[in-house]
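Step one of this worksheet: look at the structure below.
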Amino acid sequence: MTRKSSLEGIESAPRWIFLFLGAYLIVHLFALYFWNAAGHVFSIEGTSGGTSALSVTAMAAVGFWLCLLVLRSFPAGAPLRPAWMLITFAAGAQAASGALAQLLGSNWLLNPLAWGGPARSGLIEQIRRGALIAGGPFQLALLALGMLVALKVLRKFGFWVRPSAADWAICAIVYLFALCRFGEAGAASLAGRQFGFEDWISLAGLPILCVLFLEAMLLRQSVVHMGNGLISRCWAAFMCGIFLTGAGQLALWVIPHYSHAWPIEMIASLIQFATVAVFALAPACQVAAQRRAIKPASDQPEDLATNVPALAR
Amino acid sequence: MHPRSATLIAFCDAEGRAGRSLRIARHLSKCEKCRDQLARIRREKDELSARAAAPEMENGQGLAAVRSAIAAWQEGRNGEAASELRARLRWQIEAYFGSPAALAVDRPSRAEEMLGKASEMLEVFLGPEAAEAVRDDVFRGVDWAAPAGEACR
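As they're listed, the protein sequences go chains A and B.
Okay, so the first sequence: first residue is 0 according to numbering that gives the first Met the number 0, each after it adds one.
Okay, so the second sequence: first residue is 0 according to numbering that gives the first Met the number 0, each after it adds one.
Rendered as structure tokens:
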């Protein structure tokens, strides 16, 4: 059989993603520390916002590309193809959302829609809203569906185990957070306070996040049952990505309740980048496993027995 | 006049002409010495036939022995290959899934069952091309033939 040996270096994709994530976190945490030590003398939000959003979008695009590579390796009829298709759509939605929000959904100099003056501002706002929906509830829903299909396949192979008490406890925290958010939103609307479009989108994503968290806990049990192999790492990365999404939303909701001094946008971008990188790590691990399998084993001894006809064996 | 030994042998084999055979038969009825010689020729001929038949039987037994030896050697070799195959499969499953998965796959007692389950798992989670490459690596250098009629892929 002729093995495809293109994209030789792609098996090191997980390492590269880890490297970028580590560098990104170190730089931002150092900036945060420096900003705090300097006594908040400069605005850390204004300097990092655009770059962070672009980094998140770039990492989302990398994740989408890796998902496409994985999807190509599963032919029609393969049990995991629907799961990878939904995951790819979710990654695509996230990348498209970032690109639309950054390129066409903001009033920056190179946005052609911004050149048309105030007449086009409505269109820019619509694009921004569309991007928010695509990168929010829509992406989460696609991911939840993909995970559901994957869990069914894992169950077929006996890797599916009931969640433990700790899993239920973690899920309960997220459900409680969702309830608090809905309660807060209800109280705000009763008090006649204005509720922004971002808040509505964020609320719409919460029920899906609850479902995703339950799936993540099931996935965690399946991965524990499977072991620490290359494929297991792929599904573990999805589990971590979902966990980071929930934990990030929780952190971004809790921090303003305690302190307004923290640069919330910077923390949000840190969490976003970490989440997107971990989600990109999942297809990267899958691609690495596939490349490792199809890599020509030139260092292995030649099989003399293969030249012997089967009947003669 | 007594017939020569060669004539008697030809008579014994019924190879002579009818007239000549009649003459010899007439002589034999009168000559005891020639009758004894003919009896001796027949006895020797029977012994020779018996000796010729005996090695044939020995050859048959030898062939059966060779066949059973080949089967035993093949079984032993297949057993060795099967255990080698199991070890390789376990290693591959451990690399791609992990130790618990390898233990779960290793449960079936026969190598063919293990191979079938591992192949299915690899094909589902890794994709057909990569799974085939892993199978190639598992079979590399292993002289193992699956029993007839058993699907191992």
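All C-beta atoms, glycine included, are put in the ideal place defined by N, C-alpha and C.
Remember, predicted model here, so these are calculated numbers, not experimental data.
Quick one: residues in its chain with C-beta nearer than 6 Å to the C-beta of residue i, no 5 flanking neighbours on either side, listed in chain order?
{"i": "A/Gly134", "result": "Gln93 and Ser96"}
{"i": "B/Ile162", "result": "Examination of residue 162 of chain B is not possible in this model, given that chain B is present from 0 through 152 alone."}
{"i": "A/Ile241", "result": "Leu211 and Ala215"}
{"i": "B/Met0", "result": "none"}
{"i": "B/Glu31", "result": "none"}
{"i": "A/Tyr174", "result": "Cys209"}
{"i": "B/Ala130", "result": "Leu121 and Glu122"}
{"i": "B/Glu101", "result": "Reading off the sequence shown, one finds Ala at residue 101 of chain B, where the question assumed Glu. If we look at B/Ala101 and ignore the five residues flanking it on each side, its Cβ neighbours are Arg89, Ile92 and Glu93."}
Excluding the five sequence neighbours on either side, which residues of its own chain have a C-beta within less than 7 Å of the C-beta of residue i, listed in chain order?
{"i": "A/Met84", "result": "Leu70"}
{"i": "A/Leu218", "result": "Met146, Leu150, Trp234, Phe237 and Met238"}
{"i": "A/Ile200", "result": "Leu131, Ile132, Gly135 and Pro136"}
{"i": "A/Ala279", "result": "Ile16, Met58, Val61, Gly62 and Leu65"}
{"i": "A/Ala12", "result": "Leu65, Ala283, Val286 and Ala287"}
{"i": "B/Met113", "result": "Arg85, Leu88, Val104, Asp105 and Pro107"}
{"i": "B/Glu128", "result": "none"}
Could you tell me the distance, in whole angstroms, from the CA atom of residue i to the CA atom of residue j?
{"i": "B/Val137", "j": "A/Cys284", "result": "22 Å"}
{"i": "B/Phe96", "j": "A/Ala281", "result": "14 Å"}
{"i": "B/Gly126", "j": "B/Met120", "result": "9 Å"}
{"i": "B/Glu46", "j": "B/Arg39", "result": "10 Å"}
{"i": "B/Arg89", "j": "A/Leu65", "result": "28 Å"}
{"i": "A/Val222", "j": "A/Val160", "result": "10 Å"}
{"i": "A/Ala59", "j": "A/Phe19", "result": "13 Å"}
{"i": "A/Leu229", "j": "A/Trp261", "result": "38 Å"}
{"i": "A/Arg192", "j": "A/Arg180", "result": "15 Å"}
{"i": "A/Ala36", "j": "A/Ala77", "result": "55 Å"}
{"i": "A/Gly8", "j": "A/Ala22", "result": "21 Å"}
{"i": "A/Ala177", "j": "A/Gln248", "result": "10 Å"}
{"i": "A/Thr56", "j": "A/Leu153", "result": "31 Å"}
{"i": "A/Glu264", "j": "A/Ala143", "result": "27 Å"}
{"i": "B/Val133", "j": "A/Ala164", "result": "38 Å"}
{"i": "A/His256", "j": "A/Leu243", "result": "20 Å"}
{"i": "B/Arg139", "j": "A/Gly157", "result": "29 Å"}
{"i": "A/Glu10", "j": "A/Ser72", "result": "15 Å"}
{"i": "B/Lys116", "j": "A/Pro162", "result": "26 Å"}
{"i": "A/Leu68", "j": "A/Arg80", "result": "12 Å"}
{"i": "B/Lys29", "j": "B/Ser48", "result": "29 Å"}
{"i": "A/Phe29", "j": "A/Gln101", "result": "25 Å"}
{"i": "A/Gln125", "j": "A/Asp166", "result": "39 Å"}
{"i": "A/Leu310", "j": "B/Ser98", "result": "Because A/Leu310 carries a pLDDT of 37, less than 50, the predicted location of this residue cannot be relied on, and no value is offered for it."}
{"i": "A/Ala250", "j": "B/Glu79", "result": "58 Å"}
Please classify residue i: is it buried, with 16 or more other beta-carbons within 10 angstroms of its beta-carbon, or exposed?
{"i": "A/Arg14", "result": "exposed"}
{"i": "A/His259", "result": "exposed"}
{"i": "A/Gly245", "result": "buried"}
{"i": "A/Ile172", "result": "exposed"}
{"i": "B/Val123", "result": "buried"}
{"i": "A/Arg127", "result": "buried"}
{"i": "A/Asp298", "result": "Since pLDDT at A/Asp298 reaches only 45, below the 50 mark, its modelled position is unreliable, and the value read off the structure follows with that caveat. Classification for A/Asp298: exposed."}
{"i": "B/Glu43", "result": "exposed"}
{"i": "B/Arg50", "result": "exposed"}
{"i": "B/Arg25", "result": "exposed"}
{"i": "A/Leu141", "result": "buried"}
{"i": "A/Phe88", "result": "buried"}
{"i": "A/His39", "result": "exposed"}
{"i": "B/Ser67", "result": "exposed"}
{"i": "B/Leu37", "result": "buried"}
{"i": "A/Trp34", "result": "buried"}
{"i": "B/Leu62", "result": "exposed"}
Who are the neighbours of residue i on chain B, taking C-beta pairs under 8 Å?
{"i": "A/Pro162", "result": "By Cβ distance, chain B contributes nothing, its closest Cβ being about 17 Å from A/Pro162, past 8 Å."}
Just the chain B side, please: which residues come within less than 7 Å of residue i by C-beta, in chain order?
{"i": "A/Pro74", "result": "Pro127"}
{"i": "A/Leu280", "result": "Near A/Leu280 there are no residues of chain B at all, since even the closest Cβ is about 17 Å away, more than 7 Å."}
{"i": "A/Ala288", "result": "Tyr95 and Leu125"}
In chain A, which residues lie with their C-beta within 7 Å of the C-beta of residue i?
{"i": "B/Ala94", "result": "Gly228 and Leu229"}
{"i": "B/Ala103", "result": "Gly157"}
Cβ-heavy atom distance between residue i and the ligand NAD below 7 Å?
{"i": "A/Gly226", "result": "Judged by which ligands are present, the structure shown has none, so any question about the ligand NAD falls away."}
Please list, in chain order, the chain A residues whose beta carbon lies closer than 8 Å to that of residue i.
{"i": "B/Val133", "result": "Ala292"}
{"i": "B/Met113", "result": "None at all; the shortest Cβ gap to chain A is about 14 Å."}
{"i": "B/Ser82", "result": "Result: empty, since nearest Cβ-Cβ is about 16 Å, beyond 8 Å."}
What residues from chain C crowd round residue i, counting only those whose CB sits closer than 9 Å?
{"i": "B/Ser98", "result": "Of the protein chains in this structure, namely A and B, none is chain C."}
By the criterion of Cβ-Cβ separation under 9 Å, what are the contact partners of residue i in chain B?
{"i": "A/Leu79", "result": "Val123, Phe124 and Gly126"}
{"i": "A/Val148", "result": "Under the 9 Å cutoff, chain B gives no residues; its nearest Cβ is about 12 Å from A/Val148."}
{"i": "A/Val152", "result": "Val123 and Phe124"}
Considering only residues of the same chain and omitting the five flanking positions on each side of residue i, which have a CB-CB separation below 8 Å?
{"i": "A/Phe194", "result": "Ala184, Ala187 and Ser188"}
{"i": "A/Leu122", "result": "Leu112"}
- prompt: With a cut-off of 8 Å, do at least 3 Cβ pairs link the stretch 282 to 292 of chain A to the stretch 1 to 9 of chain B?
  reply: no
message: Contact between the stretch 49 to 59 of chain A and the stretch 271 to 284 of chain A is defined here as three or more beta-carbon pairs at a separation below 8 Å; is this criterion met?
response: yes
task: For the stretch 183 to 191 of chain A and the stretch 207 to 218 of chain A, state whether three or more C-beta atom pairs, one from each stretch, are separated by less than 8 Å.
output: no
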